[in-house]
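Reading through the C-alpha cells given below for one structure.
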Amino acid sequence: MRFDGVHEKTVVIIKPDGVQRSLVGEVTKRLEMKGLKIVAMKMMILSEDKLREHYAHHVEKPFYPGLEAFMKSSPVVAMVAEGKDAVAAVRLIAGVTNAGKADGGTIRGDLAMGMCNVIHCSDSPENGEAEVKRFFDESEVFEYNKTEWLHVYMEDERA
Ligand code: GDP
Numbered sequence: 002m003r004f005d006g007v008h009e010k011t012v013v014i015i016k017p018d019g020v021q022r023s024l025v026g027e028v029t030k031r032l033e034m035k036g037l038k039i040v041a042m043k044m045m046i047l048s049e050d051k052l053r054e055h056y057a058h059h060v061e062k063p064f065y066p067g068l069e070a071f072m073k074s075s076p077v078v079a080m081v082a083e084g085k086d087a088v089a090a091v092r093l094i095a096g097v098t099n100a101g102k103a104d105g106g107t108i109r110g111d112l113a114m115g116m117c118n119v120i121h122c123s124d125s126p127e128n129g130e131a132e133v134k135r136f137f138d139e140s141e142v143f144e145y146n147k148t149e150w151l152h153v154y155m156e157d158e159r160a
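Residue numbers for the sequence shown follow the numbering used here, so the first one is 2 and each next one is one higher.
In C-alpha cells, the structure reads:
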C-alpha cells in the first residue's frame, strides 16, 4: 500500500468566530468527509508576534489592528490536513475570503457573511509547509496510515 503522492500538507485554523459560533465540529466534519487526513489538531491562543508573522502581508493595512484583535479574541483550533493537492482542495471547500460572496456549498459561503470567515487555510504548498512549522512542533504532527485512503484515491493517484 503506497501513498507517496498524497502527503501535501495544509494548515487550517478555525478562527475565533468559528470557535465562538460552535462550528469546530462542522468544519472538521467537512474536512474529514472530503477525504482529507487530519494529522495534527490543537486549541491555542495566537500571540501578537505569531499574528504579525502570519499576516505579514497585511500588517501595514488599515484593517490590521482589527484583524489582530479579532484573531486573539478567543482560542482558535489549529489543524494540519493532508492529502493529494490538499492546499488547493481545502481552498476550494473554504470559499473566497469575503464570506458574503463565497459560493454556497463552501465553508465560508454556508457559514459566514463577511470577513469573520470561520477559517484560515494555507494558500500554497510552500506556505503550507511554512505554516506547519509556524504553528506546530514536530512532535505534534502525526504520521499514520489511513486505510480509508484506499477508497479515496485510485492507485495511480497515490504514487
Ligand atoms: P484568506 O487567505 O482568504 O484568509 O485571505 P487573506 O490572506 O487576504 O486575508 C487574511 C484574513 O484577513 C482574511 O481571511 C480576513 O479575515 C482578513 N481580511 C482580509 N482582507 C480584509 C479587509 O479588507 N478587511 C478586513 N476587516 N479584514 C480583511
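Ideal Cβ positions, reconstructed from N, Cα and C, are used throughout, including at glycine.
For a test of the three-state rule: what should DSSP assign to residue i, helix, strand or coil?
i                : result
isoleucine 108   : helix
glutamate 9      : strand
valine 153       : coil
alanine 160      : coil
lysine 102       : helix
valine 97        : coil
glutamate 61     : coil
valine 142       : coil
phenylalanine 30 : The identity of residue 30 in the sequence shown is lysine, whereas the question assumes phenylalanine. Residue state, collapsed to three classes: helix.
alanine 90       : helix
Could you tell me which residues DSSP puts in a beta bridge with residue i?
i          : result
alanine 79 : Ile14 and Lys43
lysine 38  : Glu83
Locate the alpha helix (DSSP H) running through residue i, then write down its first and last residues.
i             : result
histidine 55  : 49-55
glutamate 132 : 126-136
methionine 72 : 65-72
arginine 22   : Segment: none, arginine 22 is in no alpha helix (DSSP H) and carries neither H nor E.
In terms of residue numbering, what span does the beta strand (DSSP E) encompassing residue i cover?
i             : result
histidine 121 : 120-122
What residues in its chain sit with their C-beta under 6 Å from that of residue i, if we drop five residues either side in the sequence?
i           : result
glycine 36  : Val153
glycine 101 : Met114 and Gly115
What does a CB cutoff of less than 7 Å around residue i pick up in its chain, not counting 5 residues either side in sequence?
i              : result
asparagine 118 : Thr98, Ala100 and Arg109
glycine 6      : Lys85, Glu158, Arg159 and Ala160
leucine 52     : Glu69, Met72 and Lys73
alanine 95     : Thr107, Ile108, Arg109, Ile120 and Cys122
Given residue i, which residues of its chain have a CB within under 8 Å of its CB, disregarding the five upstream and five downstream residues?
i             : result
glutamate 130 : Lys10
serine 150    : Here residue 150 turns out to be tryptophan, not serine, going by the sequence shown. If we look at tryptophan 150 and ignore the five residues flanking it on each side, its Cβ neighbours are Phe4, Val7, Gly36, Lys38 and Arg159.
Could you tell me whether any non-hydrogen atom of ligand 2 is closer than 7 Å to the CB of residue i?
i              : result
methionine 114 : With respect to ligand 2, the structure offers nothing, as its ligand set consists of ligand 1.
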